[in-house]
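Going by my numbering, the first residue of the sequence shown is number 2, and it counts up by one from there.
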Amino acid sequence: MPTPDRLRTLLLAGLRTALVMVAITLAHGGALAAPANAGPDIDGFVRHLAQLINDYRARQGLAPLVPADDLQLLAGEHSADMAARRTLSHDGFDDRFRRSASRICVENVGWNYPTAETLLQGWRQSPAHHQNLLDPKVARMGIAMATHYVTFFACR
Numbered sequence: 002m003p004t005p006d007r008l009r010t011l012l013l014a015g016l017r018t019a020l021v022m023v024a025i026t027l028a029h030g031g032a033l034a035a036p037a038n039a040g041p042d043i044d045g046f047v048r049h050l051a052q053l054i055n056d057y058r059a060r061q062g063l064a065p066l067v068p069a070d071d072l073q074l075l076a077g078e079h080s081a082d083m084a085a086r087r088t089l090s091h092d093g094f095d096d097r098f099r100r101s102a103s104r105i106c107v108e109n110v111g112w113n114y115p116t117a118e119t120l121l122q123g124w125r126q127s128p129a130h131h132q133n134l135l136d137p138k139v140a141r142m143g144i145a146m147a148t149h150y151v152t153f154f155a156c157r
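If you want it as structure tokens, here you go:
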């Protein structure tokens, strides 16, 4: 079990990331955004990945996923947590799912991909991640990146 100091550090990192993402999201008219402290190209990476996912879904005859601020915040918290712990994981998925207030959610995570294209290709080559990308029951998405850790979180 994490120590109280570790929990406080994780909570503060998640809160700081969430506040930064809210400010960036509002500044961009509610569009997908990424943490400002993660580097100048993060925003472009996140936006490009969202577009690539929707383009891929369209080629498969599926509806595009709509960016959702609540899912963006959940994805951002998780990316920040993975970056703080320096580990790729789905830890806390049940909590994110519960907090989404959705009946169905899927999640893909990635680490250290140089481009959005290579990350999407990696997910496409993994059967479980590929299934998440093409789940016809999800309609909204949040994508966030903290340092090199990416979370794609999509729900009904």
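Beta carbons: idealized from backbone N, C-alpha and C, even for Gly.
| Start and end of the alpha helix (DSSP H) containing Gly-111? | Run containing Gly-111: none in the alpha helix (DSSP H); it sits in the beta strand (DSSP E), 106–112.
| request: Determine the extent of the alpha helix (DSSP H) in which Ala-64 is found, giving its start and end residues. | output: Counting along the chain, Ala-64 falls outside any alpha helix (DSSP H), and DSSP gives it neither H nor E.
| task | Look up Val-151 in the DSSP assignment and say whether it is helix, strand or coil. | result | strand
| query | Can you tell me where the alpha helix (DSSP H) with His-130 in it begins and where it stops? | reply | 128–134
| said: So the candidates are Trp-124, Ser-103, Arg-86; which of them puts its Cα closest to the Cα of Leu-72? | reply: Ser-103
| task | Hey, could you find the ends of the alpha helix (DSSP H) Asp-92 is sitting in? | result | First-last for Asp-92: undefined, no H or E at that position.
| Beta-carbon gap between Ile-105 and Arg-157 smaller than 7 Å | yes
| field | Selected residue, minimal CA-CA separation from Arg-141, among Gly-45, Ile-43, Ile-54, Phe-46 | value | Ile-54
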